[in-house]
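Going letter by letter, the sequence shown gives residues 0 to 565 in numbering that gives the first Met the number 0.
The beta-carbon is built from N, C-alpha and C at its ideal position, and this holds for glycine as well.
All figures in this text were calculated on a predicted structure; none of them were measured in a lab.
Just below is one structure, and these are the notes that go with it.
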Amino acid sequence: MKGPLASSSGTSTQQPEANVTRLKQTTLTKEAFEKGTPYDRTSKRWKDVTDAVTFYLAKDMIPIKTVENEGFKRMLKVVDPRYEIPSRKYFSATAIPRLYSECRNKMEQKVKNVMFFATTADLWSSRTSEPYLSLTIHFIDDWKLCSACLETTYFPQDHTGELIAQGLKEALECWGLKEANMTCMTTDSGANMVRALELNSWTRLQCFGHRLHLAIEKSAKDPRVERITSICKKVVSTFSFSWKKKRELIKAQTELKLPQHKLITESPTRWGSRLNMIERVLDQEKAISQVLKADRKARHLVPSWQDIDVMESVKKALSPLRDFTDALSGEDYVSVSYIKPVLSLLKVNILSPNDDDTELTKTMKQTVLDYLTDKYQDPTTDDLLDMASLLDPRFKTQYIASDKIEGIQARAVSELESLLTVQYPAASVQQCTSASTSESPDAEQTPHKKVKKSLASFLKASGVASASAAVSGSTSFSLKEAIEGELKGYVSIPNAESEMNPLEWWKVHEANFPRVSQLAKKYLCIPATSAPSERAFSTGGNIVTCQRATLKPDKVNQLVFLSKNL
């Protein structure tokens, strides 16, 4: 009896275990099968991963041949074993052009309805000495400053003003941009670029950074400055090409308790690098002297006390100017309206002589100031900067010469009258006024919430309300009178806080000054420097490398565009 029962019991007990074992084996086999089955190229997963790789190559300026590197392929296999990366030719001929086409279409939709825009343009050469013409656009959309690199065009023709003028026109046309809507183009002072804009009858703003660079270069023509610059370059070169001296410098820095900073070399096109070089030599002078004195062949490079005095004079004259170039070179904030305040600050404070200044410091300051003052006396440039300053709620008429305020305001009224007549030829002033009045209550509530922080904020809100009421109080005004009343109301209210973003101010107060706000969009988008074009040069330099010297111009244009705009 026990035997059969035991046998039956044993059979019934072992059977489920066998079933479990078979189920586990089936699951493992399925997982192994799934890991070894590549994605179909029409599947969403394969497309998503391929798009991500394409974005990575374009945005981060990675050579396309990376997709064939063993390390990259291994990484993708670990991330997703089922993904098989396509060939290098696929990315070059299909994926990158498709991404460029999609990104360009989006950008075209974005810029085609822009009322006003500004641009920067410049010529540059790649590592293979191929010339390119870069064009960037800047505009205000929903009170945000937007910028994009539109073209990096191969330009093998002679760089004459006539051919550049034609090339710039064609670049605007291929994007559907109208010349009449371009407020200004910011460029350097190259004679061919100046000539090109003259031929096209375009308003030109000289790059502030370039002007400041030339001013400082002129001040550095003093023989004392030239000598100390030469000495510093020789000192840096001595330490750069000798590992023994580098080692001794570190020991000297440790003994003298100086920071272990490396010496800085000068870049001829960046005046700030020369100042950095002089400052670093000055800071490390004791350690440098200790090392050089120990070498008979290098003792003549030890800075004398006269050299140190000259370095300190140069540092005192130029170091306060370093931050202005950086501050005015941004693309994400309004910069053009800063030029007038900066010029005033330089004249009144930064470059004004002090009692403790050396004779060399005073001379350098005066040279820089005289150069900038002379170059910004051009009537067209001065009027442009005055208009930008007027439309910045932080400054308004504060930095405009008293005898020019009335003329600038009259010009603003004339421009607005012409603009509104073209925009609303059949609209009456009453319709414009009623539209602005109907929006005012809602707009009034928002400013009260956002500008409650101080008494000045209440004064601003009060001024806005009364100004709006003054314009809307009568419907018998002509268009010109309505514009004059609105501009007068805008100018009469207290200035915005100096740290406030002017575009945020205009977003809040647009409903109260609907006409003047359109003029603000026209002028506040102008970049103060041509740095955006120069940044395109840097991007191009990171794309056209020694390992990618055979890139075709069309591919360079696509890759620069994607890297800057994705």
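### Message
Let me make sure I understand the geometry here. Which of N104, E416, L371 and V367 has the alpha-carbon closest to that of K220?
### Response
Residue numbering aside, residue 220 sits at position 221 when the sequence shown is read from its first letter. Residue nearest to K220 within the set N104, E416, L371 and V367 is V367 (criterion: CA-CA distance).
### Message
Based on DSSP bridge pairs, tell me the residues matched to E150.
### Response
Mapped onto the sequence shown, residue 150 falls at position 151. As DSSP reads the structure, E150 sits in a beta bridge with L134.
### Query
Can you give the beta carbon distance from S529 to D39, rounded, assuming they're within the 8 Å contact cut?
Indexing the sequence shown from 1 puts residue 529 at position 530. Indexing the sequence shown from 1 puts residue 39 at position 40. So it is not a contact: roughly 49 Å between Cβ atoms.
### Message
Please report the straight-line C-alpha distance between N104 and N112, rounded to a whole angstrom.
### Response
The count along the sequence shown starts at 1 and reaches residue 104 at position 105. The count along the sequence shown starts at 1 and reaches residue 112 at position 113. Distance between the alpha carbons of N104 and N112: 13 Å.
#### Entry: Start and end residues, alpha helix (DSSP H) containing L56
The residue given as residue 56 occupies position 57 in the sequence shown. First-last of the alpha helix (DSSP H) with L56: K43 to K58.
### Query
For the region 374-401, which segments carrying the beta strand (DSSP E) assignment without a break, of at least 3 residues, lie completely within its bounds, in sequence order?
The qualifying runs do not exist here; there are none.
#### Entry: Neighbour-count burial assignment, Q259, 16 or more Cβ in a 10 Å radius
Looking up residue 259 in the sequence shown gives position 260. Exposed, since its Cβ has fewer than 16 Cβ neighbours within 10 Å.
### Task
Pair every Cβ in the region 507-521 with every Cβ in the region 192-212, then say whether three or more of these pairs are closer than 8 Å.
No: fewer than three Cβ pairs fall under 8 Å.
### Message
Between T151 and A535, how many whole angstroms is the CB-CB distance? I'm expecting something under 8 Å.
### Response
To locate residue 151, count along the sequence shown from 1; it is residue 152. To locate residue 535, count along the sequence shown from 1; it is residue 536. Correct: roughly 6 Å between the Cβ atoms.
### Message
For the alpha helix (DSSP H) containing R298, name the first residue and the last one.
### Response
As a working note, residue 298 is residue 299 in the sequence shown. That residue, R298, is in no alpha helix (DSSP H); it is neither H nor E in DSSP.
### Query
Is it a yes or a no for the region 328-340 touching the region 490-508, going by three-plus beta-carbon pairs under 8 Å?
Under the 8 Å Cβ criterion, the region 328-340 counts as touching the region 490-508, having at least three qualifying pairs.
### Opposing strand residues paired with C545 [DSSP bridges]
Looking up residue 545 in the sequence shown gives position 546. Answer by DSSP bridge pairing: none, since C545 is not bridged.
#### Entry: Nearest candidate by alpha-carbon position, reference L75, set E107, G271, R279 and T49
The sequence position of residue 75 within the sequence shown is 76, counting from 1. Measuring from the Cα of L75, the nearest candidate turns out to be T49.
### Query
Looking at C-beta atoms only, is the number of pairs between the region 245-260 and the region 223-237 that lie closer than 8 Å three or more?
Not touching, per the Cβ criterion.
### Task
Mark T186 as exposed unless 16 or more other C-beta atoms lie within 10 angstroms of its C-beta, in which case mark it buried.
Position 187 of the sequence shown holds residue 186. Buried: at least 16 other Cβ atoms inside 10 Å.
#### Entry: Close Cβ partners of V77 (< 7 Å) along its chain, the five nearest in sequence each way excluded
As a first step, residue 77 must be located in the sequence shown, where it is residue number 78. There are no such residues.
### Message
Could you check whether T127 and C148 sit closer than 8 Å to each other, using their CB atoms as the reference points?
### Response
Position 149 of the sequence shown, counted from the first residue, corresponds to residue 148. Position 128 of the sequence shown, counted from the first residue, corresponds to residue 127. Not closer than 8 Å, so no.
### Message
Checking the sheet assignment: what are the DSSP bridge partners for D39?
### Response
On the sequence shown, residue 39 is found 40 positions in, with the first residue counted as 1. Answer by DSSP bridge pairing: none, since D39 is not bridged.
### Message
Could you pull the DSSP bridge partners for S124 from this structure?
### Response
Start at 1 with the first residue of the sequence shown, and residue 124 comes out as number 125. Looking at the DSSP assignment, S124 forms a beta bridge with P130.
### Query
Is the shortest distance between the beta-carbon of V490 and the beta-carbons of chain D less than 8 Å?
Absent here is chain D; the protein component of the structure consists of one chain.
### Message
Just verifying my parser: in three-state terms, what is the DSSP assignment at T186?
### Response
Here residue 186 corresponds to residue number 187 of the sequence shown, with the count starting at 1. Looking at T186 - three-state DSSP - the assignment turns out to be strand.
### Message
Using only the alpha-carbon positions, how far apart do S125 and R210 sit?
### Response
Here residue 125 refers to the residue found at position 126 when the sequence shown is read from its first residue. Here residue 210 refers to the residue found at position 211 when the sequence shown is read from its first residue. Distance between the alpha carbons of S125 and R210: 25 Å.
### Task
Kindly indicate which three-state DSSP category I139 falls into: helix, strand or coil?
Reading the sequence shown from its first residue, position 140 is the one you call residue 139. I139 carries a strand assignment under DSSP once its states are collapsed to helix, strand and coil.
### Query
Counting pairs of Cβ atoms below 8 Å between the region 539-547 and the region 48-63, do you hit three or more?
With the cut-off at 8 Å, the region 539-547 and the region 48-63 touch.
### Query
Can you tell me whether DSSP reads L211 as helix, strand or coil?
Start at 1 with the first residue of the sequence shown, and residue 211 comes out as number 212. L211 carries a helical assignment under DSSP once its states are collapsed to helix, strand and coil.
### Query
Can you tell me whether C183 is buried or exposed, with buried defined as 16 or more other CB within 10 angstroms of its CB?
Residue 183 sits at position 184 when you count from the first residue of the sequence shown. Buried, since its Cβ has 16 or more Cβ neighbours within 10 Å.
#### Entry: Close Cβ partners of N199 (< 6 Å) along its chain, the five nearest in sequence each way excluded
Start at 1 with the first residue of the sequence shown, and residue 199 comes out as number 200. A164.
### Message
Three Cβ pairs or more, each shorter than 8 Å: is that satisfied between the region 315-330 and the region 369-378?
### Response
No, the region 315-330 does not touch the region 369-378.
### Query
Does DSSP put R273 in a helix, in a strand, or in coil?
Here residue 273 corresponds to residue number 274 of the sequence shown, with the count starting at 1. Three-state DSSP puts R273 in a helix.
### Query
At which residues does the beta strand (DSSP E) containing L204 begin and terminate?
The sequence position of residue 204 within the sequence shown is 205, counting from 1. Where L204 is concerned, the enclosing beta strand (DSSP E) stretches over R203 to Q205.
### Query
Rounded C-beta distance between V412 and K479? I'm assuming under 8 Å.
As a position in the sequence shown, residue 412 is number 413, starting the count at 1. As a position in the sequence shown, residue 479 is number 480, starting the count at 1. Right, their Cβ atoms sit about 6 Å apart.
### Query
When you compare each of L257, N180, T119 and P531 to R203 by their alpha carbons, which one comes out closest?
If you number the sequence shown from 1, residue 203 lands on position 204. It is T119.
### Task
Give the range of the alpha helix (DSSP H) segment to which G488 is assigned.
Residue numbering aside, residue 488 sits at position 489 when the sequence shown is read from its first letter. Counting along the chain, the alpha helix (DSSP H) containing G488 begins and ends at L478 to S491.
### Query
How would you label H299, buried or exposed, when you count the other beta carbons within 10 angstroms and need 16 or more for buried?
If you number the sequence shown from 1, residue 299 lands on position 300. Counting Cβ neighbours within 10 Å, H299 comes out exposed, since fewer than 16 surround it.
### Query
When the Cα atoms are used, what is the spatial distance from K71 to P37?
To locate residue 71, count along the sequence shown from 1; it is residue 72. To locate residue 37, count along the sequence shown from 1; it is residue 38. The sequence shown places Phe at residue 71, not Lys. Near 18 Å, if we compare the C-alpha coordinates of P37 and F71.
### Query
What is the C-beta distance between F238 and K245, in whole angstroms, given that I count them as a contact (C-beta under 8 Å)?
Within the sequence shown, numbered from 1, the residue matching residue 238 stands at position 239. Within the sequence shown, numbered from 1, the residue matching residue 245 stands at position 246. 6 Å between Cβ atoms; contact.
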